[in-house]
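According to UniProt numbering, the residues represented by the sequence shown are 1 to 82, in order. Working notes for the structure below.
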Amino acid sequence: MGVCLSCCGNSAEEANLMPSPEERRQQQLDAAEKRRQENESRGIKNPENLRRQQQKALEQERREREADRQGQGQPTLKWQTT
């Protein structure tokens, strides 16, 4: 009966089925990276479009900070009443 023999010791076939610890770590790292990427793109139809929008928003914020710094917080538009 094969069931009894399998518990008596490790066979050569079982030893070959298990990847080395280094291979296993690499597989786990790859799987974790894949899960991270899938979670980032969940619910997003066009990830490239989202990336462009984020970059545009960051650039706009940077420009606003630069304008505030140069103008010391004063508005650039001045109202004139006659």
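Every residue gets a Cβ at the ideal spot worked out from N, C-alpha and C, and that includes glycine. Note that the structure is a prediction, hence the values are computed from the model and not measured.
Per the coordinates, the alpha-carbon of Ala31 lies some 15 Å from the alpha-carbon of Pro19. If only complete runs of 4 or more residues are kept, the UniProt region "Disordered" (10-82) shows the alpha helix (DSSP H) at 12-17, 21-40 and 47-71, in order along the chain. Going by C-alpha positions, Leu77 is about 53 Å away from Leu29.
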